[in-house]
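So the structure is just underneath, and the comments pick up after that.
Chains as they are written, first to last, in our numbering: chain F, 654 to 981; chain Z, 654 to 981.
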């Protein structure tokens, strides 16, 4: 019997989850839920319907895991606890500072409903967190480094789009090669924000817009750009569609540590992702953790879990015996 | 209170574990056990004694986890089940074909003694297995590739040493760069044994030995060398000590997968290790899993576990709350 999946929302991430379901034989998409008028949302999976979010409670016995495709700013803080009392849920909550609060809210709701809520799943937070954590446990004396890119930051692209006179924009986050080389070489450099990443912005301006003002507004934007070396390139709408339509991303986590009675031996652990499609990869990670959520709850576990709390075997459709035979 | 560690055997791996214990504040070395005459074994940790293996049962209540430093050929198949009924144990069993049998034996013994036995820990099997497994669960359509090196293979070095006329030897396993580049590029090549690795042998011959015969014996040795492009270089004993005394190793696991309704997006996951000291890194991994074994058993779990069965949080000395705050 398949694991019955519901998806809330139908943005890029939800579409990534939908696509991933077609690659997992033990999974089945039951329904997509939206805050929009369901008749305006056309999904790719044949024979599966779109419903209003308000109909979700009716699916309590028809869905094994609800995957939340919403954003961390306003959607997930409300949705994940709300639905964790009705369904096993998985989200990609990524506002680091608010994780303790989100964890507590989801834990309470999931325990009340005897369900599992897995939060902060994806690649960062997610796979990168797993690698940081395991590598630090294995090499307790050392430094962690995380580099993102080269890839499109949707949050930074959105921030540019909100500037007056901007029609569209794509922002690429790019690791500084010289800094990466030092880390890979075991030099344990101290790196500022500016040392680690540059930001490349490709901007389509409205007709007659003040390009100098746009460039200034971008480069001086606090948090997003002011701490980085930022380049701004104005391009046509056609060029943006032609060369910047995809959502590639990636990056790498490094742990540089020492062992030995004299700390004389260096070790470098690197985990590296090169992703043609950020939302499809993230959706694939969410789906693997949906499998885990389903199984954990079936075994009688409840409450909030992160990637740290879930034994890897729960992610795979293979049995323990098959895993030991083929993957160990 | 510290986790009290015992070590059985005092070869390279055990010494790596001993060194790692000094880097983990929640760990304490209680004793080392040996099949040799204990008076002939001098360990590095002050105030800790060496005992005969036969005295191990007397330490049943003095040791929380026994780490087994022995080899997979003859030591571990016997030792791990034997001691899993008395102690939580961790081993580095790496004979892939015999893992199911070893798992069953350890599981039975550990359950009888209400203990945890963690088998096949290290980096391959171990960290590499974890990455293969998780990456395959996340990207179910794709290929796995594992490359080892550049590093010293102790098994292959030993095989050369057994040849008549050989005084000493070091064998380096080296990934074939062209093949690695194809995999990183997402070309999903089909690679033979010969396509993946070359073997570099540095040999010290006995005075008057037949070097041509030694070279032939190496290159034609089945399993070890005959399926590889192998180079043999004769060097002096001084040069071997000067340039080849260390035990560096490493390697990388790649998963090359696709997502999307048309399988149109490629993704490459790479996990890469560069290790100055293979036994010290492996010992550090064993110690992190010793912490997990201790905690799992304290929570009432018993039986045999592999790296697939253990939630990552068990490896860390930090609490769940601290992990979520600092690593997620």
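Glycine included, each C-beta is placed from N, C-alpha and C at the ideal position.
- Is the shortest distance between the beta-carbon of residue 737 of chain F and the beta-carbons of chain Z less than 7 Å? Not a single CB atom of chain Z sits nearer than 7 Å to the CB of residue 737 of chain F.
- Message: Suppose contacts are defined by Cβ-Cβ distances below 7 Å. Is residue 939 of chain F in contact with residue 683 of chain F by that definition?
- Response: In this structure, the beta-carbon distance from residue 939 of chain F to residue 683 of chain F does not fall below 7 Å.
- Message: Quick check on residue 672 of chain F - is its C-beta less than 7 Å from some C-beta in chain Z?
- Response: Under the 7 Å criterion on CB atoms, residue 672 of chain F is classed as interfacial with respect to chain Z.
- Task: Tell me where the alpha helix (DSSP H) around residue 755 of chain F begins and ends.
- Result: Annotation for residue 755 of chain F: the continuous alpha helix (DSSP H) segment containing it runs 752 to 765.
- Query: Which residues does DSSP pair with residue 719 of chain Z in a beta bridge?
  - Reply: DSSP, once it has assigned bridges, lists Z:659, Z:742 as partnering residue 719 of chain Z.
- Query: Tell me, which residues are paired with residue 887 of chain F by DSSP?
  - Reply: Per DSSP, F:856.
- Got a sec, what are the start and stop residues for the beta strand (DSSP E) residue 911 of chain Z sits in? Its beta strand (DSSP E) spans residues 902 to 912.
- Query: Does the beta-carbon of residue 654 of chain F have 16 or more other beta-carbons within 10 angstroms, so that it is buried, or is it exposed?
  - Reply: The residue in question, residue 654 of chain F, is exposed, as its Cβ has fewer than 16 Cβ neighbours within 10 Å.
- Tell me where the beta strand (DSSP E) around residue 848 of chain F begins and ends. Per DSSP, residue 848 of chain F is not a residue of any beta strand (DSSP E); the alpha helix (DSSP H) it occupies stretches across 846 to 849.
- Closer than 7 Å, CB to CB, is residue 786 of chain F near chain Z or not? Interface residue (Cβ-Cβ distance to chain Z less than 7 Å): residue 786 of chain F is classified as such.
- Item | Entirely enclosed alpha helix (DSSP H) segments - the segment 779 to 851 of chain F, minimum 4 residues | You should have 780 to 791, 807 to 814, 830 to 837, 846 to 849.
- Could you tell me whether any Cβ in chain F is nearer than 7 Å to the Cβ of residue 825 of chain Z? Not flagged as an interface residue toward chain F: residue 825 of chain Z, since no C-beta distance is shorter than 7 Å.
- Item | Selected residue, minimal CA-CA separation from residue 874 of chain Z, among Z:852, Z:917, Z:886 | The shortest C-alpha to C-alpha distance from residue 874 of chain Z to any of Z:852, Z:917, Z:886 is the one to Z:852.
- Item | Beta carbon of residue 723 of chain Z nearer than 7 Å to that of residue 660 of chain Z | Cβ distance not < 7 Å, so residue 723 of chain Z and residue 660 of chain Z don't count as in contact.
- Task: Run through the segment 916 to 959 of chain F for me and flag every whole beta strand (DSSP E) of 3 or more residues, listed as ranges in chain order.
- Result: The qualifying runs are 918 to 928, 956 to 958.
- So, does the CB of residue 783 of chain Z fall closer than 7 Å to a CB anywhere in chain F? With 7 Å as the cut-off, residue 783 of chain Z counts as an interface residue toward chain F.
- Item | Separation of residue 772 of chain Z from residue 980 of chain F, as counted between CA atoms | The straight-line gap from Cα to Cα measures roughly 14 Å.
- Taking the Cβ atom as the reference point for each residue, do residue 806 of chain F and residue 823 of chain F lie within a distance shorter than 7 Å? No; because the gap between Cβ atoms is not below 7 Å, this pair is not in contact.
- From residue 664 of chain Z to residue 725 of chain F, what does the alpha carbon distance come to, in whole angstroms? In this structure, the alpha-carbon of residue 664 of chain Z lies about 51 Å from that of residue 725 of chain F.
- Query: Over what stretch of residues does the beta strand (DSSP E) that includes residue 682 of chain F continue unbroken?
  - Reply: Unbroken beta strand (DSSP E) run through residue 682 of chain F: 680 to 687.
- Using the beta-carbon of each residue, which ones in chain F are nearer than 9 Å to residue 924 of chain Z? Chain F residues near residue 924 of chain Z: 784, 922, 923, 924, 925.
- Message: Whether or not the segment 957 to 966 of chain F and the segment 835 to 847 of chain F are in contact is what I'm after, with contact meaning three or more pairs of Cβ atoms, one per stretch, closer than 8 Å; do they touch?
- Response: Because the criterion of three Cβ pairs below 8 Å is not met, the segment 835 to 847 of chain F and the segment 957 to 966 of chain F do not touch.
- Item | Min CB distance residue 929 of chain F to chain Z below 7 Å | It does: the Cβ of residue 929 of chain F has a partner Cβ on chain Z nearer than 7 Å.
- Task: Find out if the Cβ-Cβ distance for the pair residue 895 of chain Z, residue 883 of chain Z is shorter than 7 Å.
- Result: For residue 895 of chain Z and residue 883 of chain Z, no; Cβs fall outside 7 Å.
- Secondary structure at residue 769 of chain F, three-state DSSP: helix, strand or coil? Correct three-state label for residue 769 of chain F: strand.
- Residues bridged to residue 877 of chain F (per DSSP): Residue pairing by DSSP places residue 877 of chain F opposite no residue, since no beta bridge is assigned to it.
- Message: On the DSSP bridge list, what partners appear for residue 703 of chain F?
- Response: Secondary-structure assignment with DSSP links residue 703 of chain F through a beta bridge to F:685.
- Flag residue 840 of chain F as yes if its beta-carbon sits less than 7 Å from any beta-carbon of chain Z, otherwise no. Not closer than 7 Å to any Cβ of chain Z, the Cβ of residue 840 of chain F fails to qualify, so no.
- Item | When F:977, F:699, F:965, F:971 are compared against residue 780 of chain F, the one with the closest alpha-carbon | Answer by Cα proximity: F:965.
- Taking DSSP as the reference, what is the three-state secondary structure of residue 677 of chain Z? Of the three classes helix, strand and coil, the one that applies to residue 677 of chain Z here is coil, per DSSP.
- Query: Taking Cβ-Cβ distances shorter than 7 Å, what residues in chain F pair up with residue 794 of chain Z?
  - Reply: Under a criterion of Cβ atoms nearer than 7 Å, the residues of chain F adjacent to residue 794 of chain Z are, in order, 676.
- Message: For residue 906 of chain F, which residues in the same chain have their Cβ closer than 6 Å to its Cβ, ignoring the five residues on either side in sequence?
- Response: 781, 784, 785, 799, 924.
- Message: Taking the alpha helix (DSSP H) that residue 728 of chain Z belongs to, which residues open and close that run?
- Response: Where residue 728 of chain Z is concerned, the enclosing alpha helix (DSSP H) stretches over 728 to 737.
- Message: Is the beta carbon of residue 909 of chain F closer than 7 Å to that of residue 973 of chain F?
- Response: The Cβ-Cβ distance between residue 973 of chain F and residue 909 of chain F does not fall below 7 Å.
- Message: Can you pull the chain F neighbours of residue 752 of chain Z, defined as C-beta to C-beta under 7 Å?
- Response: Under the 7 Å cutoff, chain F gives 977, 981.
- Message: In whole angstroms, give me the CA-to-CA distance for residue 819 of chain F and residue 848 of chain F.
- Response: Taking C-alpha positions only, residue 819 of chain F is separated from residue 848 of chain F by approximately 28 Å.
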